[in-house]
Amino acid sequence: MKALLAKEFRLTMSPWFLLVFLPLGLLLIPMWVFPLAMAYVFVGVMIVVWRDRKDHDLEFLATLPMSFVAQAKARAWTIVLLELTYLVVGMALSVVRFFLYPVGNYASMNTNLAFFGITLIMYATFNLIFLPAYYSRPYRTWWPLGGGTLIALLVGLGLTTLVAVLPELSLLNDRGFGNLGPQLGVFAGGAVIFILLSWLATNQAAKNIQKTQL
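Just so we're aligned: 112 in the numbering used here is position 110 of the sequence shown, and the numbers increase by one with no gaps anywhere.
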């Protein structure tokens, strides 16, 4: 597994892959629909899929003395680690944003702990749809990526919009660390959902790849 993960980060994610993180700069715009900024991580997944198809990566790995299960899990963990890295960088930029602007975001939800909890739910939704479907057939198609991205975006935009517009949820929309308890609860819940759904998606992807005839 370690060798496969090293291969993913050294070959699939070359140094120019860091450009995927540039759209996180949108978090520093005074007013913006911030779930869209966090969703650019799916562009990174698209690059991974494109390189997989271009280099016939999975077909090449099938010739090596490694199990299909290990290959699928390595790719799944690569995507999960990419999402978590995107989240951490986004959280760091949200701290910078807090000191840059004295007012909240009137275009969407503020970038607080609850927001990043919802972001984790958005990522979990994507993983649950994309990973099992991507490994369900020998020739990878684009619909798992497109469908997963669309549904994940709808989840992220829908939940953040509810928090931004409903007075009952205003405790979750503080621009800083006010109402920390409820925000921390949403973040913890999002983390649990992310871990659970990503684990289920990874296991299902591993099962699906064993049934695939390469």
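Cβ atoms here follow ideal geometry from the backbone N, Cα and C, with glycine treated the same way.
Check: Using a Cβ-Cβ cutoff of less than 6 angstroms, which residues in the same chain neighbour A135 once the five nearest sequence positions on both sides are dropped?; Outcome: P146
Check: Suppose contacts are defined by Cβ-Cβ distances below 9 angstroms. Is A207 in contact with Y137 by that definition?; Outcome: yes
Check: According to DSSP, is S69 helix, strand or coil?; Outcome: coil
Check: Taking all protein chains shown into account, decide if G148 is buried (16 or more other Cβ within 10 angstroms of its Cβ) or exposed.; Outcome: exposed
Check: What's the gap between the Cα of V35 and the Cα of S69?; Outcome: 42 angstroms
Check: Taking L130 and A203 to be in contact with their CB atoms under 8 angstroms, please state how far apart those CB atoms are, rounded to whole angstroms.; Outcome: 5 angstroms
Check: Can you give the Cα-Cα distance for F23 and E170, rounded to whole angstroms?; Outcome: 34 angstroms
Check: Determine the contact status of D176 and G106, defining contact as a CB-CB distance below 9 angstroms.; Outcome: yes
Check: Would G158 and M33 be called neighbours here (beta carbons separated by less than 9 angstroms)?; Outcome: no
Check: Curious, which full-length beta strand (DSSP E) runs of at least 3 residues does the region 144-203 contain?; Outcome: none
Check: Taking the alpha-carbon of Y88 as reference, which of N114, L122, Y108, F179 has the nearest alpha-carbon?; Outcome: L122
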